[in-house]
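Asks: First residue of the sequence shown? That's 68 in my numbering, and the numbers climb one at a time after it.
Glycine included, each C-beta is placed from N, C-alpha and C at the ideal position.
Starting off with a structure, shown below.
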Amino acid sequence: MSLTVKDYLEKVEKVRDLPTLPVIFTELANMLSDTNSSVHDVEHLMESDQSLTMRVLKVANSAYYRVSDRVTNIGEAVNYLGFDKLKKVALSSSILSIFKGRTVTAFDINSFWKHGVGVAVASGTIAKYVGMEEHETPYVCGLVHDIGKIVNYMLDAETFIEVAQYALDNKIDLVAAEKSQDYPRHDVLGYYVCKHWKLSKYILATVGHHHQENVDARAIKSEQLNRVIDVVIVANKITHDRKFGFSGHSSSTLPSPEILERVGIPPADLPRVVEMIEQEWKSAEGILKVLES
Numbered sequence: 068m069s070l071t072v073k074d075y076l077e078k079v080e081k082v083r084d085l086p087t088l089p090v091i092f093t094e095l096a097n098m099l100s101d102t103n104s105s106v107h108d109v110e111h112l113m114e115s116d117q118s119l120t121m122r123v124l125k126v127a128n129s130a131y132y133r134v135s136d137r138v139t140n141i142g143e144a145v146n147y148l149g150f151d152k153l154k155k156v157a158l159s160s161s162i163l164s165i166f167k168g169r170t171v172t173a174f175d176i177n178s179f180w181k182h183g184v185g186v187a188v189a190s191g192t193i194a195k196y197v198g199m200e201e202h203e204t205p206y207v208c209g210l211v212h213d214i215g216k217i218v219n220y221m222l223d224a225e226t227f228i229e230v231a232q233y234a235l236d237n238k239i240d241l242v243a244a245e246k247s248q249d250y251p252r253h254d255v256l257g258y259y260v261c262k263h264w265k266l267s268k269y270i271l272a273t274v275g276h277h278h279q280e281n282v283d284a285r286a287i288k289s290e291q292l293n294r295v296i297d298v299v300i301v302a303n304k305i306t307h308d309r310k311f312g313f314s315g316h317s318s319s320t321l322p323s324p325e326i327l328e329r330v331g332i333p334p335a336d337l338p339r340v341v342e343m344i345e346q347e348w349k350s351a352e353g354i355l356k357v358l359e360s
């Protein structure tokens, strides 16, 4: 029997071990989408979270950037990272910190977040490629699209691993395994958790519908919302296909011509877009290694 809305809400209420999403994440997410945000705005916000500032400075001072003089503040970090990258490093670091130290051998959270960052980078790259004005919004949505998997894991790690193993054994994606095993769907649960966290309508829509290619089935009238969802779906499929990180299953399919055309990518251009994404992943992978160390 399928779970009801009431069932999902009860699960959200029962989550006692789920860390509170840092307030700074919501503020950074909003700032990331605001073209008027400045270095001063970000620096002022980071002053409220010293550990986040230290992690960002760690990236700026890493061998990856080979700086000649030690970077000691956010203003200097911007000179080496660039403002756009600074915001994304801060955002990724803030959400990575929620679950750091909670990994067990059965579920590699670092690899999971590598997938999330991969989808974020791919989403941002696609959005730029097709000329979306708010290309930062798909990045944020891509970063947290699978948050429901982490919630399921924290609620019942043993059963989550069993369902993930079922997906691997049967070469199906996790949604299909969740349906087959009458297990809470990570997209639905993630939606209610993000709603509980009071995240933006874009994040809610993407988390809740990132496995729904049928626009009519989403029952969302906003073309802007639907396009962001489509971008993240395409990015997710590419990230799975290229095996950047691991999100709990090995099933992958390339984006359909229909959804590519809705996003604004001619199917013949897909190899070029994938190549651009892979170049961006190289940079992201280096930063991830620093944040995880």
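State the DSSP-derived secondary structure class of Ser350, mapped to helix, strand or coil.
Replies: helix
Asks: Check each candidate in Ser267, Ser135, Asp240 and Ser247 and name the one with the smallest Cα separation from Thr93.
Replies: Ser267
Asks: Can you list, in chain order, the stretches of the alpha helix (DSSP H) that have 4 or more residues and sit fully within the region 292-334?
Replies: As summarised for the region 292-334, the continuous alpha helix (DSSP H) elements at least 4 residues long and confined to that stretch are 324-330, given in chain order.
Asks: Taking 8 Å as the cut-off, decide whether the C-beta atoms of Ile300 and Val207 are in contact.
Replies: no
Asks: Output yes or no for whether 8 Å exceeds the beta carbon distance between Phe313 and Asp175.
Replies: yes
Asks: I'd like the span of the alpha helix (DSSP H) that includes Ile111, first residue to last.
Replies: The sequence as given places His at residue 111; Ile does not occur at that position. For His111, the enclosing alpha helix (DSSP H) starts and ends at Val106 to Met113.
Asks: Roughly how many angstroms separate the alpha carbons of Pro334 and Arg285, rounded to a whole number?
Replies: 24 Å
Asks: What span of residues does the alpha helix (DSSP H) with Gly215 cover, start to end?
Replies: Ile214 to Leu222
Asks: So the candidates are Ser69, Tyr75, Met113 and Ile296; which of them puts its Cα closest to the Cα of Gly257?
Replies: Tyr75
Asks: Cα separation between Tyr291 and Val218?
Replies: As written in the sequence, residue 291 is Gln, which differs from the Tyr given in the question. In a straight line, the C-alpha of Gln291 is about 28 Å away from that of Val218.
Asks: Please name the residue, chosen from Leu337, Leu358, Ser350 and Glu359, that lies closest to Tyr196 on a Cα-to-Cα basis.
Replies: Leu337
Asks: Applying the 10 Å Cβ sphere with the 16-neighbour rule, what's the burial state of Pro205?
Replies: Result: buried.
Asks: Answer with buried or exposed for Met121, where buried requires no fewer than 16 other C-beta atoms within 10 angstroms of its C-beta.
Replies: exposed
Asks: Give me the Cβ distance between Leu222 and Lys73, rounded to the nearest whole Å; I'm assuming they're in contact under 8 Å.
Replies: Not confirmed; about 16 Å, so no contact.
Asks: Considering Val274, what are the terminal residues of the alpha helix (DSSP H) in which it resides?
Replies: Taken as a continuous stretch (DSSP letters only), the alpha helix (DSSP H) holding Val274 covers Lys268 to His276.
Asks: Should Ser247 go down as buried or exposed, given a rule of 16 or more other Cβ atoms within 10 Å for buried?
Replies: exposed
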